[in-house]
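Q: The structure's right below; bear with me while I get my questions together.
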């Protein structure tokens, strides 16, 4: 946060260059990028999205690099201001060509916390404390970026043959390969420091074991009253005469079976739980 007014660029000591994007009101918001003297000659475009987001494009070597600088609203700001910031940030990143390198440097005003179970690809192991609401937004943004990258890699290689079975045989390997490259692969074990196991002590293990044993006893032993009720029910069901209608076999209906549509497949995938064993195609539900 620079807290400077206006949109300017200026030379600093030792030939560094400062480019900043500010507001009309001095003393609030504002973002800036300082470019090294050896790189400033490669600057060819500056985009000032707002007083919270800006981009600087440079030619470095034989390729282009885009530096994205951002300053997110604090936890106490209006919800709409937060939504606007994240929408604009998504838009800026989506507009960057795929062949460009991207460096994102931002003060996102959030705490992602120490917890990282299932988020290892987007969350390093060095954070501390508890996650707050803005931390959730940060992780959602990072996970969405990974999902978009995964989709891009899959679509690059995807082929569309006529039959469903042929399609799956060809493309299941592509999906699995892209998932491993973009989202990573884990055995599910990992080093001890990767998991929060501080609470798994002898006392907790003992309590859980006793709970499971008590549940088994409860399942095996019902009350005498329940037993008598069931006895009476089955005795009546199996021994009393009652009229039953006869059902004649009808003709089997023949015709075209309706195809499974995309909406049905998406609905089935949403119902699948994470962390379950994979099927014969070796693709987990998370992918």
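In our numbering, the protein residues as written are 14 to 300. Idealized CB from N, CA, C, for every residue including glycine.
1. If you compare alpha carbons, which of 118, 147 and 111 is closest to residue 124?
2. Cutting at 8 angstroms between CB atoms, please list the residues of its own chain near residue 30, excluding the five before and the five after it.
3. DSSP on residue 280, reduced to helix/strand/coil?
4. Once the 5 residues before and after residue 19 are set aside, which same chain residues still bring their CB inside 6 angstroms of it?
5. Among 77, 117 and 91, which one has its Cα closest to the Cα of residue 110?
6. In the structure shown, what three-state DSSP assignment does residue 31 receive?
7. Where residue 95 and residue 216 are concerned, what is the direct C-alpha to C-alpha distance, given to the nearest angstrom?
8. Out of 67, 299 and 220, which has the shortest C-alpha to C-alpha gap to residue 191?
9. Examine the ligand FMN and report whether any of its heavy atoms sits within less than 8 angstroms of the Cβ of residue 52.
10. Shortest alpha-carbon distance to residue 116 belongs to which of 143, 100, 153 and 70?
11. What is the DSSP secondary structure of residue 206, reduced to helix, strand or coil?
12. Using only alpha-carbon positions, find the residue among 285, 103, 99 and 128 that is nearest to residue 122.
13. Considering only the alpha carbon of each residue, which of 291, 152 and 113 lies closest to residue 185?
14. Taking all protein chains shown into account, do 16 or more other C-beta atoms lie within 10 angstroms of the C-beta of residue 240, making it buried, or fewer, making it exposed?
15. How is the beta strand (DSSP E) around residue 23 delimited, first residue to last?
16. Name the residue from 59, 66 and 27 whose alpha carbon lies nearest to the alpha carbon of residue 15.
17. Buried or exposed, going by whether 16 or more other CB atoms sit within 10 Å of the CB of residue 80?
18. In angstroms, rounded to a whole number, what distance separates the CA positions of residue 295 and residue 188?
19. For residue 141, I'd like the list of residues in its chain whose CB is within less than 7 angstroms of its CB, leaving aside the five on either flank, ordered along the chain.
20. Roughly how many angstroms lie between the CA atoms of residue 230 and residue 223, to the nearest whole one?
21. Thinking C-alpha only, which one of 97, 88, 119 and 107 is nearest residue 149?
A: This is what the structure gives:
1. It is 147.
2. The beta carbon of residue 30 sits closer than 8 angstroms to the beta carbons of 22, 23, 24, 47, 48, 50, 53 and 56 from its chain, once the five residues preceding and following it are set aside; these are given in chain order.
3. Helix, per DSSP.
4. Same-chain partners within the cutoff: 35.
5. Measuring from the Cα of residue 110, the nearest candidate turns out to be 77.
6. Note: residue 31 maps to strand in three-state DSSP.
7. Going by the C-alpha atoms only, they are around 44 angstroms apart.
8. Closest option to residue 191, Cα to Cα, is 299.
9. Looking for the ligand FMN in the displayed structure turns up nothing, as the structure carries no ligands at all.
10. Residue 70 is the option with its Cα nearest to residue 116.
11. Low local confidence applies: a pLDDT of 49 at residue 206 is under 50, so the model's placement there is unreliable, and no value is given.
12. The shortest Cα separation from residue 122 among 285, 103, 99 and 128 belongs to 99.
13. Of the listed residues, the one whose Cα sits closest to residue 185 is 291.
14. Residue 240 should be labelled exposed.
15. If you look at residue 23, you'll find it in the beta strand (DSSP E) that goes 20 to 24.
16. Looking at the Cα atoms, 66 is the closest of the given residues.
17. Buried, because 16 or more other Cβ atoms sit within 10 Å of the Cβ of residue 80.
18. Straight-line spacing of the CA atoms in residue 295 and residue 188 works out to 10 angstroms.
19. 127, listed in sequence order.
20. Each residue's alpha carbon lies about 11 angstroms from the other.
21. If we check each option's Cα against that of residue 149, 88 comes out closest.
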